[in-house]
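Protein chains in written order, with full-length UniProt numbering: chain A, 1 to 148; chain B, 1 to 148.
Think of the CB as a built atom: it goes at the ideal place given N, C-alpha and C, for glycine as much as any other residue.
There are 2 protein chains.
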Amino acid sequence: MKNNSFENPKETIFYQIEKAIKQYRTMAQNNLNKLGYSITINQILILIEIEKRPEISQVELSELLFKDVASITRMIELLFKRGFLSRKENETDRRKKDLRITDKGRKILELAIPIIKENRQTALEKINAEEQENLLSTLNKIILNTSK
Amino acid sequence: MKNNSFENPKETIFYQIEKAIKQYRTMAQNNLNKLGYSITINQILILIEIEKRPEISQVELSELLFKDVASITRMIELLFKRGFLSRKENETDRRKKDLRITDKGRKILELAIPIIKENRQTALEKINAEEQENLLSTLNKIILNTSK
DNA sequence: TTTATATATTTGATACATCAATTATATCTA
DNA sequence: TAGATATAATTGATGTATCAAATATATAAA
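Put into structure tokens, the structure is as follows:
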């Protein structure tokens, strides 16, 4: 391992993490595009979470998807404009919005979910359970090290 | 391991990779901000590559940093506007631009590089050499699986 | 040497990220 | 209950990501 990590960026861990996640995203989006709809992986992930737990707040969505609440607001806005979900004031807490998947949204979810599962499988091919556990464990260490 | 990976997103590998890289970026940017300049990690990485190899083209930069050439153009534009680098037409190939770090750019590089190295060390604390090798190896498998 | 093809960079359009500030409502406390 | 504080969502400003199309120049091929 080189001492000066700037000599060979391609060999450093963070470059590799970036590369892996970027390639994964590209592959995932390309496969999703084959559906012929124009929707992003991120938008699908939001729909999935709302479908699983319709009372979820935008703050909770932001934590779950590691995004800023501002990003969530704008993504919700797009999903709403395109008719994938409905949005109205919550009765008991008027600061909140009730988000609901529309039929159109549910239809695209049904098509997209198998694709996303397949993407994950493809990306993890030939990586056995132990290796996956190790990866998770090392990632968790990085997460700990970088959290405050 | 759950069969339906949508039940517990927090436990899936790609969520963890996203979380790790996001937290790392946030920490790195926060530490960089302490310098009091207003510059992003990405911009520093571009400066580093140009400093190492001044004849580098924007296409090469895009490959090295896993970014679209369009992104590189805009980042270069910002770095130029802020006086961190100069940019002029290449004499022998007029499609290309000659990029050079300015004194101002060199100054910020000197301050930023130690910080970036420290960030990487912090993030990898208590992760031994073997574990790092394993991480790289697994990431490479993902990169292979998702390339094409 | 013209024509076709390839390469380097830029631009336009759209989506997302992050921070700070704002708006609106809810809750807590004196 | 009035005023302080907290929370949910939005908005503004700026930077980055991706794709497709446009420009400009270089190189290969007829």
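- Proximity of B/T146 to chain A, defined by a Cβ-Cβ separation below 8 angstroms, is satisfied.
- Nearest CB-CB separation between B/A112 and chain A: not below the 8 angstroms threshold.
- For A/D103, the enclosing alpha helix (DSSP H) covers residues D103 to A123.
- Those residues of the segment 21-51 of chain B placed with their C-beta closer than 7 angstroms to a C-beta in chain A are I21, K22, Q23, Y24, M27 and I48, ordered along the chain.
- The three-state secondary structure of B/E51, taken from DSSP, is helix.
- In this structure, B/F14 places its C-beta atom within 8 angstroms of the C-beta atom of A/Y24.
- According to the DSSP assignment, A/L61 belongs to the alpha helix (DSSP H) that extends over Q58 to L64.
- Taking all protein chains shown into account, B/L79 has 16 or more neighbouring C-beta atoms within 10 Å of its C-beta and is therefore buried.
- Residues of chain B whose Cβ lies closer than 7 angstroms to the Cβ of A/Q58 do not exist; the shortest such Cβ separation is about 17 angstroms.
- Between A/L47 and A/L139, the C-beta spacing is not below 8 angstroms.
- In the assembly as shown, A/G105 is a buried residue. Its beta-carbon has 16 or more other beta-carbons within 10 Å.
- In this structure, A/K88 sits away from A/K96, with a CB-CB distance that is not shorter than 8 angstroms.
- Annotation: the continuous beta strand (DSSP E) that includes B/R87 extends over L85 to E89.
- B/K97 is bridged by DSSP to B/E89.
- Taking a cut-off of 8 angstroms on C-beta distances, the segment 69-83 of chain B touches the segment 44-60 of chain B, as three or more cross pairs fall below it.
- For the pair of segments examined, the segment 116-124 of chain A was found to touch the segment 20-38 of chain A: the number of CB pairs separated by less than 8 angstroms reaches three.
- When DSSP states are grouped into helix, strand and coil, B/N134 belongs to the helix group.
- B/E18 has its alpha-carbon roughly 23 angstroms from the corresponding atom of A/S38.
- Residue range V69 to K81 is occupied by the alpha helix (DSSP H) that includes B/I76.
- Using beta-carbon distances, B/L124 counts as an interface residue toward chain A, with a partner under 8 angstroms.
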